[in-house]
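Quick note, the sequences are listed as chains A and B, same order.
Those letters in the first sequence? Residues 1 to 189, per our numbering, in order.
Those letters in the second sequence? Residues 190 to 476, per our numbering, in order.
Where is the CB? At the ideal position from N, CA and C, for every residue including glycine.
Since we're looking at a predicted model, the values are computed, not measured.
First comes the structure, then the notes that go with it.
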Amino acid sequence: MNKTLIALASLMLPNVAFASDASGASNPFAGDIGNALWTLVIFGCVVLVLGKFAWGPILSALQKREEFIRDSLAQAKKDREDAAAQMKEYTEKLVAARAEATAIVDEGRRDAEAVKHKIEEHAKSEAQAALERAKREIELAKDTAVKELFGLGARLATDVASKIIRKELNASEHERLVEESIAELEKTG
Amino acid sequence: MLASSNPLSHVIQHTLFTEAADWGPLTPEGTITLLSDQIVMMIVAGALLVFLVPLLVRKRAGTDDIGRMVPTGFANFFEAICQYLRTEVAEPSLAHHTDRFIKYIWSVFFFVLTINILGLLPISSVSPLFGLHIGGTATGNIWTTATLAILTMLMMVINGLRLGGMHYVAHFCPGPLWLAPLLVPVEIIGLGAKVFALAVRLFANMMAGHILLAVLVGFVLTAGTSMGYAGGLAIAVPVVLASVAINLLEIFVAFLQAFIFTFLTALFIGMSVVFHHDDDHGEAPAH
């Protein structure tokens, strides 16, 4: 029975030793310089071997990774600042382009107005000139017609007068008589 | 052997080969230990580290520049610990000297941790079935922890002198010169106290948990002897449950003590090699 219990109980103990000297003194500080030397040798080997084959590569990888992350962050920061600067530049250019486009449209509008105004003025002056010319032609035609009318009236008056007085007039009296008739006609006309 | 009433007999070192020697206080029992169960476990721990860690380091995501920087699989876990120790434990203490000492810091942590973890395995309970006598926790031996602590002290003193020179020597007299006869011995005692605390803290913590487990299991044997088979089994149930809980705690303690030993090692070395006035160029000297 006790053997079974011992076997069961012993499995619960992580560090129960079954060495032959177990019944000896149970000094908690048991040990001697042999333990220290073994510790020194084993730990020394661990430091040397791992220092060369493990810690070196790990340290190198950690340092490279840190450097990579630092560089990446710095690059990202620089890229962001560049992008912001470019954005600002493009915004300014866009604003300038818009202003320029507005100015061009305004100028075009002004030019169009001016051309329109000029065409209207030109048309008005042309119309006025045509009117004046027409008036002058009318006036001229009127004068000519009046003169022709006076001539015709004088001949008719002479004929009528000749017939009435039955008297032949010589050329000079005839001419004088015509001029007197015209003068009287102008007075009355 | 489990019938032994003293739980200490279950957790102390059990020698396998010894040689008579008389080196004074270095051989308190008149013998030098050539091999013991704890030394075997230490050798196993060292061998595991030496063979497994370089294999883990090679596990990378690819062979190109980016791939070589990315660990894969279990190497992620391993490298995360390394990175944490470097940036969160070593760097605050060692500052610009971090990468100079980080290999030692990593070695200390994984060496102590592996020994602590191996000590939790019930190897010493199973190995006799195969005619072997191995097992135990090497960090539950004051000689082992003291050796590691003395190595830390040597790192402090040697590197303090090498890197700091007179700055380090001046640290032993932080006050006015006329107080040196008082301050220097105090500082030297302080240095010894640091090393002593480092050694005893790890040793005591590792041993205490194992003693507690031995005491718990001892209850089963006592009950079995005095109350018979049924009594032994009745006591065994709560003991097993409690032992499982304590074992879980022990796993935590194994990591915690490895971390504390490493943290204090980094802190103490940092106190020896990092001089704050190096960074105070802009401040007026406090004379």
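Element boundaries [beta strand (DSSP E), containing residue i]
{"i": "B/Glu208", "result": "204–209"}
{"i": "B/Leu307", "result": "Looking at the DSSP string, B/Leu307 is not in any beta strand (DSSP E); the run it does join, the alpha helix (DSSP H), is 287–309."}
{"i": "B/Ile221", "result": "220–225"}
Separation of residue j from residue i, as counted between CA atoms
{"i": "A/Gly31", "j": "B/Glu208", "result": "13 Å"}
{"i": "B/Thr204", "j": "B/Trp212", "result": "18 Å"}
{"i": "B/Ile424", "j": "B/Ala382", "result": "43 Å"}
{"i": "A/Glu79", "j": "B/Leu310", "result": "It is worth fixing the name first, because residue 79 of chain A is Asp in this sequence and not Glu. Those two C-alpha atoms are separated by around 55 Å."}
{"i": "A/Asp111", "j": "A/Ala123", "result": "18 Å"}
{"i": "A/Ala101", "j": "A/Val115", "result": "21 Å"}
{"i": "B/Tyr418", "j": "B/Val428", "result": "15 Å"}
{"i": "B/Pro196", "j": "B/Leu283", "result": "41 Å"}
{"i": "A/Asp106", "j": "A/Val95", "result": "16 Å"}
{"i": "A/Gly51", "j": "A/Pro57", "result": "9 Å"}
{"i": "B/Val358", "j": "B/Arg390", "result": "27 Å"}
{"i": "B/Ala443", "j": "B/Gly398", "result": "10 Å"}
{"i": "A/Ile119", "j": "A/Ala134", "result": "22 Å"}
{"i": "A/Val160", "j": "A/Gly153", "result": "10 Å"}
{"i": "B/Leu223", "j": "B/Thr454", "result": "28 Å"}
{"i": "B/Lys481", "j": "B/Ile435", "result": "The requested residue 481 of chain B does not occur in the structure, where chain B is confined to residues 190 to 476."}
{"i": "B/Ala386", "j": "B/Met355", "result": "27 Å"}
{"i": "B/Gly251", "j": "B/Val297", "result": "30 Å"}
{"i": "B/Ile312", "j": "B/Ile323", "result": "7 Å"}
{"i": "B/His465", "j": "B/Gly262", "result": "40 Å"}
{"i": "A/Ala83", "j": "B/Thr328", "result": "59 Å"}
{"i": "B/His286", "j": "B/Gly459", "result": "8 Å"}
{"i": "A/Trp38", "j": "A/Ala54", "result": "22 Å"}
{"i": "B/Leu445", "j": "B/Trp367", "result": "42 Å"}
Endpoints, the alpha helix (DSSP H) within which residue i is located
{"i": "A/Lys158", "result": "According to the sequence as given, residue 158 of chain A is Thr; it is not Lys. Here the alpha helix (DSSP H) through A/Thr158 covers 56–165."}
{"i": "B/Thr341", "result": "331–348"}
{"i": "B/Thr414", "result": "369–462"}
{"i": "B/Ile270", "result": "263–273"}
{"i": "B/Thr252", "result": "Taken as a continuous stretch (DSSP letters only), B/Thr252 belongs to no alpha helix (DSSP H), as it is neither H nor E."}
{"i": "B/Pro281", "result": "280–283"}
{"i": "A/Trp38", "result": "33–50"}
{"i": "B/Ile312", "result": "312–315"}
{"i": "A/Ala30", "result": "Neither: A/Ala30 is in no alpha helix (DSSP H) and is coded neither H nor E."}
{"i": "B/Ala327", "result": "Note, B/Ala327: premise wrong, no alpha helix (DSSP H); not H, not E."}
{"i": "B/Met355", "result": "355–359"}
{"i": "B/Ile259", "result": "The residue asked about is misnamed: residue 259 of chain B is Val in this sequence, not Ile. Run containing B/Val259: none; DSSP gives neither H nor E here."}
{"i": "B/Leu352", "result": "B/Leu352 -> no alpha helix (DSSP H), and no H or E assigned at all."}
Buried or exposed by the 16-neighbour rule on C-beta atoms within 10 Å, applied to residue i
{"i": "B/Leu437", "result": "exposed"}
{"i": "B/Thr276", "result": "exposed"}
{"i": "A/Ala61", "result": "buried"}
{"i": "B/Pro345", "result": "It is Met, not Pro, that sits at residue 345 of chain B in the sequence shown. Result: buried."}
{"i": "B/Glu268", "result": "buried"}
{"i": "A/Val41", "result": "exposed"}
{"i": "A/Asn170", "result": "exposed"}
{"i": "A/Ser172", "result": "exposed"}
{"i": "B/Val233", "result": "buried"}
{"i": "B/His199", "result": "buried"}
{"i": "A/Gln86", "result": "exposed"}
{"i": "B/Val426", "result": "exposed"}
{"i": "B/Phe457", "result": "buried"}
{"i": "B/Ser314", "result": "buried"}
{"i": "B/Ala335", "result": "buried"}
CB contact check: residue i to chain B, cutoff 8 Å
{"i": "A/Ala30", "result": "yes"}
{"i": "A/Val105", "result": "no"}
{"i": "A/Arg65", "result": "yes"}
{"i": "A/Thr91", "result": "no"}
{"i": "A/Leu40", "result": "yes"}
{"i": "A/Ser26", "result": "yes"}
{"i": "A/Leu50", "result": "yes"}
{"i": "A/Ala36", "result": "yes"}
{"i": "A/Val47", "result": "yes"}
{"i": "A/Leu62", "result": "yes"}
{"i": "A/Asp21", "result": "Its pLDDT being 43, under 50, A/Asp21 is placed unreliably in this model, and the value from its coordinates should be taken loosely. Cβ-Cβ to chain B under 8 Å: yes for A/Asp21."}
{"i": "A/Ala74", "result": "no"}
{"i": "A/Ala54", "result": "yes"}
{"i": "A/Leu59", "result": "yes"}
Presumed contact (8 Å Cβ cut-off) between residue i and residue j, rounded CB distance
{"i": "B/Gly320", "j": "B/Val462", "result": "Actually they do not touch by this definition, with Cβ atoms about 50 Å apart."}
{"i": "B/Thr451", "j": "B/Val278", "result": "6 Å"}
{"i": "B/Asn305", "j": "B/Met395", "result": "6 Å"}
{"i": "A/Thr158", "j": "A/Leu185", "result": "In fact, because the Cβ distance is near 13 Å, the residues do not count as touching under 8 Å."}
{"i": "B/Trp295", "j": "A/Asn35", "result": "Not confirmed; about 23 Å, so no contact."}
{"i": "B/Asn330", "j": "B/Phe290", "result": "That pair is no contact at about 25 Å."}
{"i": "B/Val239", "j": "A/Cys45", "result": "7 Å"}
Cutoff 8 Å: residue i Cβ touching any chain E Cβ
{"i": "B/Leu223", "result": "Reference to chain E is not applicable here, since the protein chains of this structure are A and B."}
Proximity test, Cβ basis, 8 Å: residue i and chain A
{"i": "B/Asp211", "result": "no"}
{"i": "B/Gln272", "result": "yes"}
{"i": "B/Lys292", "result": "yes"}
{"i": "B/Met345", "result": "no"}
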